[in-house]
Amino acid sequence: MRAGDPLGWRSCCSLSLRVSVGLFGLAVCTACAEDAASGWLNARDSGASGSLFETTAAIVAGSNQIVVADVGDFKVGQGVMVSKANIRFLPTQLWGAGERYRNMKSVEGSVEVRGYDGSAGSWTVTVLDIAPSPKPAFRWSDDLGRTWHPEQPVTHDWQPLGNGVEVRLNPRDWESGYVVALAARDALISRIEKIEGNVLTLRNSANRTVSDARVRHNDTFALQQAVDLALKQQRKLFVPNGHYRLAGGLRVNAPVAFTIEGDSAAGTVLDISDGDGACLTLAGGTEATIRNLSMVGFMGFAERDKAGELNLRGAAAVWGYALKSCNAVTIRNTQRVMIENCHASRMSAECFVAEGRSRGTARPGQAYSQAITYQRCSVTDSARNAFNDVSCGMENTAVLNCRIVDVGGCAWEGASRFARFSGNYVRNAGTVGIGNLGPANRDDTYPALGAGQTFVSGNVFEGGVCYGGCAVRTARGATQVIIRDNLFVNYGSSAVEVGGGSFANEYPSAHTTVAGNIFDMTAAGRASVPRAAITVGADDTIVSDNQIYVCGTNDAAVTGIRLREPALNVVVHDNLVRNCGQGIVSVASQSYVGEVLDGGASFVARPGSITLGQQPHLFRGWTLAWYRGGKLAGSVQVENFEPLASRFRLKQACDIKAGDLFEVRAPAANWNIHDNIIADCLKPVVLDSEGSETSVLKNNLIVCGKAGAKDAIRVRRGRFEQAGNRVEGETTAGQPAGCKE
């Protein structure tokens, strides 16, 4: 019998069809003997119920006995969840002004909480937002920032919130600005020690009297016992069909050659909708395989706003999913992982996520993730990311032939190395985000080895509106990326962005090829919004052999290819762009002047669309131009750029002011736009950036007439060499060639 064969298990456990006579004349189940010999354990043998049965019960505070309406299939030793019976507060979380969600501060007795009455359900989170002020006051939300209750001053006394909760904010520097998160739960998590009639005696007592508690199975204890036994005995774990409720996640510590396999992905369900954390966490070890499981959480696509970054005044980058979290699988430093035919839904956090060390931070003998494969999996109806590598150190992650639908965060977000996102179907989901390398997830090997090396190939991205603004984006340090042979069907958002803006002290993206893709940018069945098939803002980029079009009448909101200065070394060739509002367009990125220093000889840059990055030599000798009131106010050469301070030092003092917009212009941009066909676009070619002596537009075929284009090539400003471009058909201005405004 094949290990894990559902018929074999049912033959053994219930039908008893295959029986032979043993040495001493005893009946021996052939299936059992084969499964034992093959090294498999059965989770049911550890007491896992897999049952959806539930009943109601009455319970008295201080008692460990509950009277149930129906004993059903409960058995002694099994785990249970009893709702409303155990009110408790989880540890308070606190962030200061400017703190990100991973950098919590110590509460140190400055926050007290009491009084939850259970009216908001089994798990409620209340967020207090205290803006910086000499007279501190807080607003509060009990729906993860969807709605906020009016401000009230901090009194250092007990102050009522909702659902019976009261908080006391003891003396602290509250005027500096803070965010406080208070969480309460009400379920009693326990085990059955005795059953007498309709009375269940539990291991733990209730702290609340209720007459209508829900009593359900809790298979966490039994499944964890089965996992631990399989690890200890180095055997594989089989989980028969069933619905396994989890009060908390299962942990797989230091697997050597561990496998957990469900009977079938459709019938074997791990349900963490009343728990928290990951259904399965892999921690360290050598090798693990997870197959044929479905995993269900508690927060769907419709609640994606509650899982995202909260709009707070007292702290930065606090995310709802970090306050109320569930996900399918978390991988921490396991060397080799295979996850196959596993399906997750309604997860509040990154559904399948890996994090941990890199080859640059692992000490001798320490494990780190070297190969992770997700094969034939799916993520649907979930609030945040589908697949995620959050550290620079993950290597060789592959997301293959998966389905991602109705996902409120990234379809894939990878700060890792040597990744592959291939053969997947994505609809109504977030960006394939490549890079996102901040100081917290970048190690010392980055300058030499890079990160974010990724293939995005052979995928289908269909329709909808992409959460995150585009289907595929390289940003913040992604390097060596190939985006090839993908289909974009009726795509209502921007499709590919190469080189999203990076912050100060971070590396820009570079070395990208976008080739062989087909972009159908038709806004089928929805209002058309401004969008671009391909946007390039990163150095060293090739865009070639792509088809970009709109079905039916042309769409003024669609841009085929947008090129952003100051990207260097950009080649755009052999693309077919048809029926768009703009065919190929160039624009200049701009950022804001912050504090002006040294009498106008230097200034601090404020964020904008210019990628600043961690390259002090980058802008040396470039021209910096600034604008005021929409008009050019002056230009000057750059002496140096200090990335840690985001500070430009100029060759000479000038009349630059805080709030001005500025551009940076390279002496040689090295752009070559050649041998493209741009047909039936309202504005076939628009050059609205500075260009350079090495910016070339040549040998392109531009077909006008049908779309009613005013000009074939419009040069609004800048230096672009034009040669060999062929224009067919007349423009509405009656000019077959371009004009310069």
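Take any residue in the sequence shown, count from 1 to its spot, add 59: that is its number in our numbering.
All C-beta atoms in this analysis are idealised placements derived from N, C-alpha and C, irrespective of residue type, glycine included.
The beta-carbon distance between residue 340 and residue 311, rounded to whole angstroms, is 7 Å. This is short enough to meet the 8 Å contact definition. Per DSSP, the beta bridge partners of residue 701 are 706. Taking the Cβ atoms as the reference, residue 473 lies roughly 15 Å from residue 443, outside the contact range of under 8 Å. Secondary structure note for residue 253: its beta strand (DSSP E) is the uninterrupted segment 247-255.
Linking residue 201 to residue 193 through their CA atoms gives a straight-line distance of about 26 Å.
For residue 566, the closest alpha carbon among the candidates 556, 495 and 528 is that of 495. In this structure, 432 is the residue among 432, 369 and 276 with its C-alpha nearest to the C-alpha of residue 396.
By the C-beta density criterion, residue 195 is buried, having at least 16 other C-beta atoms within 10 angstroms. Fully contained in the stretch 498-559 are the following alpha helix (DSSP H) runs of length 4 or more, in chain order: 505-508. By the criterion of at least three beta-carbon pairs nearer than 8 Å, the stretch 709-724 is in contact with the stretch 688-697. Nearest to residue 116 by C-alpha distance, out of 135, 458, 143 and 358, is 143. Only buried fits residue 602, as 16 or more other CB atoms lie within 10 angstroms of its CB. At least 8 Å separates the beta-carbon of residue 452 from that of residue 479. For the 8 Å CB-CB criterion, residue 684 and residue 707 do not form a contact. Taking the Cβ atoms as the reference, residue 680 lies roughly 40 Å from residue 374, outside the contact range of under 8 Å. By the Cβ test, the stretch 768-787 is not in contact with the stretch 655-674, since fewer than three Cβ pairs between them sit closer than 8 Å. Apart from the 5 residues on each side of it in sequence, residue 457 sits with its Cβ closer than 6 Å to the Cβ of 432 and 479 in its chain, given in chain order. The beta carbon of residue 294 sits closer than 6 Å to the beta carbons of 98 and 100 from its chain, once the five residues preceding and following it are set aside; these are given in chain order. A distance below 8 Å separates the beta carbons of residue 277 and residue 138.
For residue 286, the uninterrupted alpha helix (DSSP H) run begins and ends at 279-292, by DSSP. Of the other Cβ atoms in all chains shown, 16 or more fall within 10 Å of the Cβ of residue 170; this residue is therefore buried.
The Cβ atoms of residue 410 and residue 387 sit closer than 8 Å to each other. When the alpha-carbon of residue 418 is set against those of 482, 394 and 316, the nearest one is in 394. In the structure shown, the three-state DSSP call for residue 768 is coil. With three or more CB-CB distances shorter than 8 Å, the stretch 118-130 counts as touching the stretch 248-261.
Rounded to whole angstroms, residue 492 and residue 378 show a C-alpha spacing of 18 Å. With a threshold of 16 other beta carbon atoms within 10 Å, residue 217 falls short and is exposed. The count of Cβ pairs closer than 8 Å, one atom from the stretch 284-299 and one from the stretch 103-115, reaches three, so the stretches are in contact. Under DSSP, residue 337 takes part in a beta bridge, and its partners are 386.
Excluding its 5 nearest sequence neighbours in each direction, residue 110 has C-beta neighbours in its own chain below 6 Å: 132 and 276, listed in chain order.
In this structure, residue 350 lies away from residue 308, with their beta-carbon atoms at least 8 Å apart. Its Cα nearest to that of residue 413, the residue 446 stands out among 446, 621 and 604. Our two residues, residue 624 and residue 664, have alpha carbons roughly 17 Å apart in a direct line.
With fewer than 16 other Cβ atoms inside 10 Å of its own Cβ, residue 214 counts as exposed. Counting along the chain, the unbroken alpha helix (DSSP H) around residue 364 starts and ends at 363-366. Within the stretch 420-492, no run of alpha helix (DSSP H) at least 4 residues long lies entirely inside it.
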